[in-house]
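In the working numbering, the protein residues as written are 23 to 462.
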């Protein structure tokens with residue numbers, strides 16, 4: 023009582039506590055501190071790193087620093103001063119980097135590395151050029167070739183066999199190989215002016231392309247343009263995807279995109295809000311529930327197909343109450359949750375499993391009072407929470423490929439294995455592209 027919260031020690035101690043807690047039982051923890059050396063925002067974090075390294079001892083802590091070595095085209099030379107000054111800034115607050123990863127667009131020769139080593143007090147072999155690459159997937163191989171892994175093992179006194187990157191090398195090979203197929207996927211959203219807003223989706227589609235030997239071309243389509251120009255914008259697509267989002271802008275355009283995919287037999291994948299749009303479209307146009315909507319967009323809708331629920335079941339099976347005062351994301355359902363797949367459904371065949379775990383980030387759920395009405399007219403709820411209360415996945419069995427999910431499968435997609443939903447989706451898109459080509 024009556025104490026004053028200070029940056030040091032209170033905030034820095036909390037940062038250290040969370041770092042140690044996050045590491046858990048892992049043998050090695052990699053902690054990234056973003057920002058730029060010298061920024062006022064990063065000072066508490068850098069101070070926490072300084073203290074943590076002191077407490078752990080030099081034998082158990084290694085500081086690496088990512089710097090930029092700009093190339094001046096008019097002079098035809100690189101400049102090492104930014105790196106020197108960045109390290110100087112870190113040293114002024116008690117942090118001496120032991121490894122420098124030097125971003126560069128041209129090769130950093132031995133003379134430049136020697137100069138950087140001299141003025142930064144970093145061992146020359148630990149000054150590692152990190153050349154621009156055509157693909158981010160090339161970076162692990164480039165770092166291995168530079169000897170970074172061997173240096174780290176030696177620095178910590180660890181004895182390990184050389185890393186086998188053959189699977190990763192295969193990913194890189196496929197990334198640059200000539201793909202056998204090409205598909206056009208239309209991503210209908212509201213943030214399309216900034217495509218990085220869908221970064222995880224972009225990568226998941228690319229991963230699926232790697233798994234199916236298919237080049238995936240993404241057309242970003244503003245949902246509001248569908249409202250003003252019509253569904254003709256979708257006519258050349260092999261598949262349609264409606265991603266997650268919040269708010270009511272562009273909602274009708276997304277609903278029209280869903281209807282077009284459903285009626286034209288075009289492979290469709292809806293994610294989070296995309297699943298809500300699929301349910302609303304089906305309720306309105308197939309179940310004849312006029313005015314069906316989500317309470318997120320229309321609180322007084324006569325048919326709240328999607329509604330807010332404030333009691334959630336955790337992954338441990340316990341019911342927790344969430345409110346706006348909660349530190350668990352307010353009324354939002356967050357994190358990995360188990361899901362039971364219905365036997366005999368397309369989704370179960372895609373996953374080849376009876377139970378899965380997927381990551382969530384949403385507030386609104388399917389209103390269970392409308393499930394029976396929707397399933398009466400050939401929609402299938404193919405994935406449920408373990409207690410059987412929350413719909414996680416829907417599909418249309420009579421459609422060539424129509425699946426939507428409440429969770430975000432893109433968060434679990436990886437380059438080496440992709441994600442079964444995205445792989446199945448691109449396979450369906452490829453089949454549709456071939457069929458359209460034959461018809462043409």
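Note that the Cβ used here is the ideal one computed from N, Cα and C, for glycine as well.
What number of angstroms, rounded off, separates the C-alpha of residue i from the C-alpha of residue j?
i: residue 37; j: residue 27; result: 14 angstroms
i: residue 267; j: residue 322; result: 21 angstroms
i: residue 239; j: residue 193; result: 19 angstroms
i: residue 155; j: residue 120; result: 24 angstroms
i: residue 99; j: residue 200; result: 36 angstroms
i: residue 25; j: residue 133; result: 55 angstroms
i: residue 177; j: residue 59; result: 24 angstroms
i: residue 174; j: residue 45; result: 18 angstroms
i: residue 102; j: residue 138; result: 7 angstroms
i: residue 115; j: residue 380; result: 42 angstroms
i: residue 311; j: residue 327; result: 10 angstroms
i: residue 105; j: residue 34; result: 26 angstroms
i: residue 253; j: residue 279; result: 7 angstroms
i: residue 152; j: residue 162; result: 11 angstroms
i: residue 39; j: residue 32; result: 11 angstroms
i: residue 169; j: residue 111; result: 27 angstroms
i: residue 406; j: residue 61; result: 47 angstroms
i: residue 113; j: residue 77; result: 18 angstroms
Once the 5 residues before and after residue i are set aside, which same chain residues still bring their CB inside 7 angstroms of it?
i: residue 233; result: 440, 445
i: residue 297; result: 416, 426, 427, 428
i: residue 375; result: 363
i: residue 53; result: 41
i: residue 277; result: 299, 302, 303
i: residue 255; result: 243, 247, 248
i: residue 68; result: 55, 115, 117
i: residue 206; result: 239, 241, 258, 259, 260
i: residue 88; result: 123, 125
i: residue 451; result: 205, 207, 260, 261, 289
i: residue 420; result: 400
i: residue 437; result: 159, 193, 229, 232
Please state whether the Cβ-Cβ distance between residue i and residue j is less than 9 angstroms.
i: residue 91; j: residue 126; result: yes
i: residue 230; j: residue 435; result: yes
i: residue 455; j: residue 386; result: no
i: residue 325; j: residue 300; result: no
i: residue 283; j: residue 302; result: no
i: residue 247; j: residue 274; result: no
i: residue 166; j: residue 187; result: yes
i: residue 442; j: residue 373; result: yes
i: residue 145; j: residue 136; result: no
i: residue 408; j: residue 377; result: yes
i: residue 73; j: residue 29; result: no
i: residue 171; j: residue 148; result: no
i: residue 49; j: residue 57; result: no
i: residue 93; j: residue 71; result: no
i: residue 179; j: residue 81; result: yes
Going by DSSP, which residues form a beta bridge with residue i?
i: residue 207; result: 240, 261
i: residue 424; result: 290
i: residue 361; result: 378
i: residue 415; result: 405, 427
i: residue 33; result: Per DSSP, none; premise fails for residue 33.
i: residue 356; result: 383
i: residue 436; result: 440
i: residue 329; result: 387
Let me check you understand the geometry: is the CB of residue i closer than 8 angstroms to at least one non-hydrogen atom of the ligand MN?
i: residue 246; result: The ligand MN is absent from the structure shown, which contains no ligands of any kind.
Beta-carbon within less than 8 angstroms of residue i's beta-carbon, same chain only, minus the 5 sequence neighbours each way: which residues are those?
i: residue 223; result: 209, 263, 265, 293, 432
i: residue 213; result: 219, 220, 267
Which same chain residues, not among the five before or five after residue i, have their C-beta less than 6 angstroms away from its C-beta?
i: residue 204; result: 237
i: residue 75; result: 83
i: residue 404; result: 364, 367, 369, 415, 417
i: residue 286; result: none
i: residue 413; result: 388, 403
Of all the beta strand (DSSP E) runs that stay within the bounds of the segment 61-132, which reach a length of 3 or more residues? You should have 86-90, 121-126.
Quick one: which unbroken beta strand (DSSP E) runs of 3-plus residues sit fully inside the segment 264-326? Chain order, please. For the segment 264-326, whole beta strand (DSSP E) runs of length 3 or above, ordered along the chain, are 290-293, 314-316.
Can you check the segment 127-175 for any alpha helix (DSSP H) of at least 4 residues that lies completely inside it and give the ranges in chain order? Counting only unbroken stretches of 4 or more residues, the alpha helix (DSSP H) elements lying wholly within the segment 127-175 are 132-142, 161-167, in sequence order.
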